[in-house]
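Right, one structure below, let's go through it.
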Amino acid sequence: MKLTIIGCAGSFPGPDSAASCYLVEAPHEGRVFRMLLDLGSGALGPLQRFIDLRDIDAISLSHLHPDHCFDMSGLYVVRKYHPAGPLPRVPVYAPAGSDWHLSDAYGTTNPNGMTLPFEFRDFFDGMETTIGPFTLRAMLTAHPVPAYAVRLELGGHTLVYTGDTGPMDELVDFARGADLFLCEASFVESADNPPELHLTGAEAGKIAAEAGVGRLLITHIPAWTDRDEVERDLLSTYDGPYELVTAGRVYELG
Numbered sequence: 006m007k008l009t010i011i012g013c014a015g016s017f018p019g020p021d022s023a024a025s026c027y028l029v030e031a032p033h034e035g036r037v038f039r040m041l042l043d044l045g046s047g048a049l050g051p052l053q054r055f056i057d058l059r060d061i062d063a064i065s066l067s068h069l070h071p072d073h074c075f076d077m078s079g080l081y082v083v084r085k086y087h088p089a090g091p092l093p094r095v096p097v098y099a100p101a102g103s104d105w106h107l108s109d110a111y112g113t114t115n116p117n118g119m120t121l122p123f124e125f126r127d128f129f130d131g132m133e134t135t136i137g138p139f140t141l142r143a144m145l146t147a148h149p150v151p152a153y154a155v156r157l158e159l160g161g162h163t164l165v166y167t168g169d170t171g172p173m174d175e176l177v178d179f180a181r182g183a184d185l186f187l188c189e190a191s192f193v194e195s196a197d198n199p200p201e202l203h204l205t206g207a208e209a210g211k212i213a214a215e216a217g218v219g220r221l222l223i224t225h226i227p228a229w230t231d232r233d234e235v236e237r238d239l240l241s242t243y244d245g246p247y248e249l250v251t252a253g254r255v256y257e258l259g
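Under the working numbering, the letters of the sequence shown match residues 6 to 259, in that order.
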């Protein structure tokens, strides 16, 4: 399993990174299976440095805030109007109503037009399914809109991605024993943060420590947030392997 950080800026694209998008690849049936975790604002451009957009096999959208899903509009154009002809439909795992939401965001001329290049499949809390070579589990998180963390397992290796979430005890069990824990940390401890929206570095570190993860990967830091302060907060609760991710970074399991 290979994870590539396509975009990791929190809440909106930053000067050094697109918003949330993570490419996960693994061998499957004699070829490489390519799945996206989120496709946020600005991510479609840098994604093309790593893969041909025609080669996307599946997409998981954690929730429907723009920084996690709005470049689906650009991919709609690619898959519907490609010079080689319309491309096969891609399965999209996402919160219920994503098809209509994204159709309205693009302004498709046909009602629910996003269903032409994409086949939407609804997430639900506790969901477990097989996507290509991966076993995927989903858990509803604490956020103002329906949002899901996902756990991908393959060949004894595990990647957990929180999406956006406020603090919740259930994340510890969900991330238990993950080789890579890709966890948001948008807030800092010194601020007066709203509830059930995002994590601080200290909160992310506490979850990672209690879950016994192999490596903590901190993501979704907004451009206006001091990365050094996020890191200091993290180190107040966690002493294991970690990184504050950057766009283009690659991690391999197995």
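Where a beta carbon is used, it is the ideal one built from N, C-alpha and C, also for glycine. Treat the numbers as computed from the prediction; the structure is a model and nothing was measured.
Candidates the options: closest to residue i by CA position
i, options, result
"Asp-184", "Gly-160, Tyr-98, Val-83", "Gly-160"
"Glu-234", "Gly-15, Ala-207, His-68, Cys-13", "Ala-207"
"Arg-59", "Tyr-86, Gly-102, Pro-116", "Tyr-86"
"Ser-78", "Leu-44, Ile-61, Phe-17", "Leu-44"
"Met-119", "Asp-130, Cys-74, Ala-154, Glu-34", "Cys-74"
"Leu-187", "Ser-46, Val-193, Ile-61, Ala-209", "Ala-209"
"Asp-130", "Ser-25, Ile-56, Phe-139, Pro-151", "Pro-151"
"Arg-237", "Gly-112, Pro-71, Thr-205", "Thr-205"
"Phe-125", "Ala-216, Ala-63, Gly-19", "Ala-63"
The alpha helix (DSSP H) enclosing residue i, as first and last residue numbers
i, result
"Phe-129", "No alpha helix (DSSP H) contains Phe-129, which DSSP labels as neither H nor E."
"Arg-156", "Not the alpha helix (DSSP H): Arg-156 falls in the beta strand (DSSP E), residues 153–159."
"Ala-110", "103–111"
"Gly-19", "Looking at the DSSP string, Gly-19 is not in any alpha helix (DSSP H), and its letter there is neither H nor E."
"Gly-50", "49–52"
Counted within 10 angstroms of its Cβ, other Cβ atoms place residue i as buried (16 or more) or exposed
i, result
"Ser-65", "buried"
"Ser-195", "exposed"
"Gly-168", "buried"
"Leu-164", "buried"
"Pro-149", "exposed"
"Leu-42", "buried"
"Glu-34", "exposed"
"Pro-246", "exposed"
"Arg-84", "buried"
"Ser-25", "buried"
"Ser-103", "buried"
"Glu-189", "buried"
Element boundaries [beta strand (DSSP E), containing residue i]
i, result
"Arg-142", "139–145"
"Leu-2", "The structure shown has nothing for residue 2, since the chain only spans 6 to 259."
"Leu-28", "26–33"
"Asp-43", "36–44"
"Leu-8", "7–14"
"Val-255", "255–257"
Spatial neighbours of residue i in its chain, beta-carbon cut-off 6 Å, leaving aside the 5 residues before and after
i, result
"Gly-15", "Ser-191, His-225, Ile-226, Pro-227"
"Leu-258", "Met-6, His-162, Asp-184"
Contacts around residue i, its chain only, beta-carbon distance under 7 Å, and the 5 residues preceding and following it disregarded
i, result
"Pro-200", "Gly-171"
CB contact check: residue i to chain B, cutoff 8 Å
i, result
"Pro-71", "Here there is only one protein chain, and chain B is not present."
Problem - Complete beta strand (DSSP E) runs within the stretch 172–247 (minimum length 3 residues, chain order) - result: 185–189, 220–224
Practice task
Enumerate, from N- to C-terminal direction, the unbroken alpha helix (DSSP H) stretches of 4 or more residues contained entirely within the stretch 59–105.
Solution key: 71–74, 77–86
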